[in-house]
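Colleague:
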Amino acid sequence: MTTLQTQLHWEDVKEGDTIPGYTLDLTWTKMVEQVSGSQDFYEVHHDPDFAREAGHEEIFYNTGFTQAALCRLLTDWMGKDGWIQNFSFQMRRMNIPEDHVQVKGVVTGTQVREDGKGAVTVDLWLENDRIGITTPAEATVLLPLRES
Amino acid sequence: MSDQVDESYDIEVIKAEWIGKKTEKTTGRYPVEYDPIRRHCHMVEDTNPLFLDPDAGKNSQYGAVIAPPVMAGYFAGSGPWPQKAKTDALANVPTRGERKINMNIDWEYLIPIKIGDQLSSQRELIDIFEKPIKLDSKAVWLVTETRITNQNDDVVAIGRNTLLTHRTPEQVSADL
Numbered sequence: 001m002t003t004l005q006t007q008l009h010w011e012d013v014k015e016g017d018t019i020p021g022y023t024l025d026l027t028w029t030k031m032v033e034q035v036s037g038s039q040d041f042y043e044v045h046h047d048p049d050f051a052r053e054a055g056h057e058e059i060f061y062n063t064g065f066t067q068a069a070l071c072r073l074l075t076d077w078m079g080k081d082g083w084i085q086n087f088s089f090q091m092r093r094m095n096i097p098e099d100h101v102q103v104k105g106v107v108t109g110t111q112v113r114e115d116g117k118g119a120v121t122v123d124l125w126l127e128n129d130r131i132g133i134t135t136p137a138e139a140t141v142l143l144p145l146r147e148s
Numbered sequence: 149m150s151d152q153v154d155e156s157y158d159i160e161v162i163k164a165e166w167i168g169k170k171t172e173k174t175t176g177r178y179p180v181e182y183d184p185i186r187r188h189c190h191m192v193e194d195t196n197p198l199f200l201d202p203d204a205g206k207n208s209q210y211g212a213v214i215a216p217p218v219m220a221g222y223f224a225g226s227g228p229w230p231q232k233a234k235t236d237a238l239a240n241v242p243t244r245g246e247r248k249i250n251m252n253i254d255w256e257y258l259i260p261i262k263i264g265d266q267l268s269s270q271r272e273l274i275d276i277f278e279k280p281i282k283l284d285s286k287a288v289w290l291v292t293e294t295r296i297t298n299q300n301d302d303v304v305a306i307g308r309n310t311l312l313t314h315r316t317p318e319q320v321s322a323d324l
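First to last, the sequence lines map onto chains A and B. Just so you know, we're using the numbering used here here: the first sequence kicks off at 1 and counts up by one. Just so you know, we're using the numbering used here here: the second sequence kicks off at 149 and counts up by one.
What follows is the structure in structure tokens.
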């Protein structure tokens, strides 16, 4: 078990900062973990014949997996006292078996709101070596203020 | 969803009949549990102690293990087994094809989800429209809003989902 990371504060963050990313290799074992973790048994995510019959190149990783990967980027970064307030993403292109997926993000704005909370807006995404960005996303994260 | 495949498919009629319809509020099959969170974290190699370590959760500001917020929908549902008949009010929104892909997902998270919470959800059809895609020139898109609440009826999360439905290449060729 890892320990809780050093807490990130709103004052530590500025527009343009890169969020530390991570990678996931979409092996066939990872495909099984996807089905187990999401409990999404729709065949288009695990049955190549079904996916191709529907007109797709290959099975593709599901929404549950994708949002989990994006969410992890934020929760790893923001620390135990951060809070994801808003989170949206678009399943524009597909991540398929054998893809090497990178999960990345960048800070797009910071603001102390009227309610005194430190808000940070973030662009984040999944990209793979085959076709680039597949899943653009945006989030607003609340971070503790150092002075509070 | 049903595959209404005849030429009488009229999106304006369907909009008038279906937009604003809501499902019954339903409660998740089980309370929020450790093991689904562990499996969720496993698939993306997440080792966050707030999600996985009861001691860390107990000593955190939450006082218990919490679930990643994106699991709100999971715990408000009944899971894939034992299967439940899809009899809710939005189970049979007419579409042209039965193949489907989630496209845009937008969530607002209001309060944490803790071990032992019992979540419920209610969905409403916000919009339905036709918009062509490469696979299907007559693809039909559905937008739904889901409100997830806990055992105290506090709103945990509000989500908006855009679902693309399309026909198979064979159905498109035959213009079914």
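By construction, the Cβ of each residue, glycine as well, lies at the ideal position given by its N, Cα and C atoms. Fair warning: this is a prediction, and the values are worked out from it, not measured in the lab.
Looking at chain A, is there any beta carbon in it that lies within less than 9 angstroms of the beta carbon of B:T294?
Modeller: no
Colleague: At a CB-CB cut-off below 8 angstroms, which residues of chain B make contact with A:I59?
Modeller: By Cβ distance, chain B contributes nothing, its closest Cβ being about 12 angstroms from A:I59, past 8 angstroms.
Colleague: If we define contact as Cβ-Cβ less than 9 angstroms, is B:P179 a contact residue for chain A?
Modeller: Not closer than 9 angstroms to any Cβ of chain A, the Cβ of B:P179 fails to qualify, so no.
Colleague: Going by the beta-carbon positions, is the gap between A:I133 and A:R92 smaller than 9 angstroms?
Modeller: yes
Colleague: Around the C-beta of B:P202, are 16 or more other C-beta atoms found within 10 angstroms, so that it is buried, or is it exposed?
Modeller: So B:P202 ends up on the exposed side.
Colleague: Count the CB pairs spanning the region 116 to 128 of chain A and the region 73 to 87 of chain A that are closer than 8 angstroms, and state whether there are at least three.
Modeller: yes
Colleague: Which residues share a DSSP beta bridge with B:Y257?
Modeller: B:A305
Colleague: Against chain B, does A:M1 count as a neighbour if the rule is that its beta carbon must be under 9 angstroms from one of theirs?
Modeller: The predicted position of A:M1 is uncertain, since its pLDDT is 47 and thus under 50; no value can be drawn from it.
Colleague: Identify every run of the beta strand (DSSP E) within the region 26 to 100 of chain A, keeping only runs that are complete inside it and at least 3 residues long; order them along the chain.
Modeller: 83 to 90
Colleague: Report the neighbours of B:S208 on chain A: residues whose CB is nearer than 7 angstroms to its CB, in chain order.
Modeller: K80
Colleague: Taking C-alpha atoms, which residue in A:Q85, A:T110, A:N86 and A:E58 lies nearest to A:G16?
Modeller: The residue with the shortest Cα to Cα distance from A:G16 is A:T110.
Colleague: So what does A:L142 bridge to, in DSSP terms?
Modeller: Its beta-bridge partners are A:W83 and A:A119.
Colleague: Can you give the Cα-Cα distance for B:V153 and B:L312, rounded to whole angstroms?
Modeller: Annotation note: pLDDT 49 at B:V153 (below 50); position unreliable, coordinate value reported separately. The alpha-carbon atoms of B:V153 and B:L312 are separated by roughly 16 angstroms.
Colleague: Can you check whether the C-beta of A:K14 is within less than 9 angstroms of a C-beta belonging to chain B?
Modeller: No, no contact with chain B.
Colleague: Between which two residues does the alpha helix (DSSP H) carrying B:D203 extend?
Modeller: P202 to K206
Colleague: For chain B, is any of its Cβ atoms less than 9 angstroms away from the one on A:R72?
Modeller: yes
Colleague: Where does B:E165 sit, in a helix, a strand or coil, going by DSSP?
Modeller: helix
Colleague: Counting only the same chain and skipping the five closest in sequence on each side, list residues whose C-beta sits under 8 angstroms from that of A:V106.
Modeller: G16, D17, T18, I19, V122, D123 and L124
Colleague: Run through DSSP, which three-state label would B:R177 get?
Modeller: coil
Colleague: Return the CA-CA distance between B:R315 and A:R52, expressed in angstroms with no decimal places.
Modeller: Straight-line Cα distance between these residues: approximately 13 angstroms.
Colleague: Is the beta carbon of A:F41 sitting closer than 9 angstroms to the one on A:Q67?
Modeller: no
Colleague: When the Cα of B:I185 is compared with those of A:E98, A:G64 and A:G79, which residue comes out closest?
Modeller: A:G64
Colleague: Tell me the rounded alpha-carbon separation between B:I281 and B:V288.
Modeller: 9 angstroms
Colleague: Find the nearest neighbour of B:I261 within the set B:K170, B:G221 and B:L324, judged by alpha-carbon distance.
Modeller: Relative to the Cα of B:I261, the nearest Cα in the group B:K170, B:G221 and B:L324 belongs to B:G221.
Colleague: If you run the structure through DSSP and keep just helix, strand and coil, what is B:R315?
Modeller: coil
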